[in-house]
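At position 253 of the sequence shown the residue is numbered 1328 (my numbering), and the sequence of numbers has no breaks. Beta carbons: idealized from backbone N, C-alpha and C, even for Gly. Note that this is a predicted model, so its numbers are computed, not measured.
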Amino acid sequence: MPAVDYFPKAQEGERHPLRGSRLRVNWREVGLAAALIGPNLILLILFTYRPLVDNIRISFYNWNIASPTMNFVGFDNYIQWFQAPETGRVVFNTVVFTFSAVAGSMILGLILALLLDQKLAGRAAMRSVVFVPYVVAGAAIGVAFQFVFDPNYGLIQYALGLINVPVPNFYQNQNWALFMVTVTYIWKNTGYTFVIYLAALQGRRKDLDEASEIDGTPTIRHFFRVVAPQLRGSTFFLLITVLLNSFQVFDIISAMTNGGPFGYGTATMVYQVYQETFINNRAGYGAAIATIMFVVVLAITVAQLQLQRRMEK
């Protein structure tokens, strides 16, 4: 059987129109792509990847940031942190604060989104009121909430006094202090989760709501069977972003308690990095804690993404 040439034949002296076309490179497009991506890539390397590599390198040294001398100590900084007596309290604060902030802000944001998704008078203004705290600086909110929780003349003291409930001293008890900074952060971060959930609610399928209403489905069952499944993507997105943001909170803790009371009462791992690096001048030790944080956050993020992929399948 004679061979069949499926490619059109080129005229004499002309290049074949198809053969070798994959080797052609549009250098103008390559140059444009390099011009657009190059500056961002350079900034990413300089301000993200290079500091990350430097942080890991510094964690293996004993370095006082006021001195140019760096002494190599290997894994001593890591071993010292795991053996330090305050590490247990710092890890406890980090875990409790992070997961309480994630759960509190997501649940409260969802409730407010469900409420303000309804046709209510003045809902546009109320949406703005809910979102505004998120764009306010954390340090400013921390200073403002110092007066809210003040045991002598704060708003909490006044409200509890009306019903004759003893007012706890939020600044002298470690657990109450941790509760105070957690509530403050939840109040600030709820605006973010509210906006994400509200956008998801407004983009859901209305025909399913109408069918559920025709069937007379109770409100609670309607939410879990019709609404909640359509919020799954937004929920996973918020789980990752809110967890990462909560894990790195520094400004509110610094403004309200400076990591106290009694040393490490509200100090999280992020605050300890700052304290060891810039107050105690132990940059190597602080870098080791930051590296441990990076590994923990990376592991949690990978686990969440794997879980999301499995659920999508």
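For residue i, does the three-state DSSP call read helix, strand or coil?
{"i": "N1239", "result": "coil"}
{"i": "L1360", "result": "Residue identity differs from the one stated: residue 1360 is Tyr in this sequence, not Leu. Here Y1360 sits in helix by DSSP."}
{"i": "Y1339", "result": "coil"}
{"i": "D1147", "result": "It is worth fixing the name first, because residue 1147 is Phe in this sequence and not Asp. Three-state DSSP puts F1147 in a strand."}
{"i": "N1139", "result": "coil"}
{"i": "N1355", "result": "coil"}
{"i": "V1100", "result": "coil"}
{"i": "P1304", "result": "helix"}
{"i": "N1333", "result": "coil"}
{"i": "Q1325", "result": "Inspection of the sequence shows that residue 1325 is occupied by Phe rather than by Gln. Reduced to three states, the DSSP call for F1325 is coil."}
{"i": "D1192", "result": "coil"}
{"i": "G1197", "result": "coil"}
{"i": "V1128", "result": "helix"}
{"i": "S1134", "result": "coil"}
{"i": "A1212", "result": "coil"}
{"i": "A1365", "result": "helix"}
{"i": "P1114", "result": "helix"}
{"i": "A1378", "result": "helix"}
{"i": "A1178", "result": "helix"}
{"i": "Y1081", "result": "Note that Y1081 scores a pLDDT of 48, beneath 50, so its modelled location is shaky and nothing firm can be said."}
Within a Cβ cutoff of 7 Å, which residues of the same chain sit near residue i, ignoring the five residues on either side of it in sequence?
{"i": "G1361", "result": "V1348, E1351, T1352"}
{"i": "V1100", "result": "none"}
{"i": "Y1081", "result": "With a pLDDT of 48 at Y1081, under the threshold of 50, the predicted position of this residue should be treated as unreliable, though the coordinate-derived value follows. Once the five neighbours on either side are set aside, Y1081 has no close Cβ partner at all."}
{"i": "I1364", "result": "W1156, M1344, Q1347, V1348, E1351"}
{"i": "T1162", "result": "W1156"}
For residue i, which residues in the same chain have their Cβ closer than 8 Å to its Cβ, ignoring the five residues on either side in sequence?
{"i": "V1211", "result": "K1263"}
{"i": "V1317", "result": "A1176, V1177, S1180, M1181, N1264, Y1267, T1268"}
{"i": "N1244", "result": "P1226, W1251"}
{"i": "V1356", "result": "Checking the sequence, you will find Asn at residue 1356 rather than Val. Within the same chain, N1356 has close Cβ partners N1139, I1140, A1141."}
{"i": "V1171", "result": "L1253, T1257"}
{"i": "Q1193", "result": "none"}
Nearest to residue i by alpha carbon, out of the options?
{"i": "A1219", "options": "R1132, M1255, L1189", "result": "M1255"}
{"i": "T1310", "options": "L1273, Y1233, G1149, V1166", "result": "L1273"}
{"i": "R1164", "options": "P1114, L1118, T1123, F1337", "result": "F1337"}
{"i": "V1166", "options": "V1377, V1345, L1121, A1110", "result": "V1345"}
{"i": "I1186", "options": "P1114, I1238, V1270", "result": "V1270"}
{"i": "V1258", "options": "L1237, Q1221, T1123", "result": "Q1221"}
{"i": "E1387", "options": "G1278, M1331, Q1305, I1364", "result": "Q1305"}
{"i": "T1169", "options": "V1372, A1378, V1377", "result": "V1372"}
{"i": "T1376", "options": "P1126, R1384, G1340, L1319", "result": "L1319"}
{"i": "L1380", "options": "T1332, I1315, M1368", "result": "I1315"}
Among residues of its own chain, excluding the 5 on either side of residue i, which ones have a beta-carbon nearer than 6 Å to its beta-carbon?
{"i": "I1216", "result": "K1263"}
{"i": "G1213", "result": "D1326, I1327"}
{"i": "F1224", "result": "I1231, F1245, M1255"}
{"i": "Y1153", "result": "A1363"}
{"i": "L1382", "result": "none"}
{"i": "L1368", "result": "Here residue 1368 is Met; the residue named in the question, Leu, does not match the sequence. Counting only Cβ-Cβ distances below 6 Å, and skipping sequence neighbours, we find M1344."}
Please check the pair residue i and residue j, which I expect to be a contact at CB under 8 Å, by giving their CB distance rounded to whole angstroms.
{"i": "V1148", "j": "N1137", "result": "5 Å"}
{"i": "L1183", "j": "I1289", "result": "With a Cβ gap of about 31 Å, L1183 and I1289 do not count as contacting."}
{"i": "T1173", "j": "S1321", "result": "5 Å"}
{"i": "R1279", "j": "V1242", "result": "R1279 to V1242, Cβ: 44 Å. No contact."}
Taking only beta-carbon positions, decide if residue i is within less than 8 Å of chain B.
{"i": "V1204", "result": "Here there is only one protein chain, and chain B is not present."}
- Please specify which runs of the alpha helix (DSSP H), each continuous and at least 4 residues long, are wholly inside the stretch 1214-1291, giving them in chain order. 1230-1237, 1249-1277, 1281-1289
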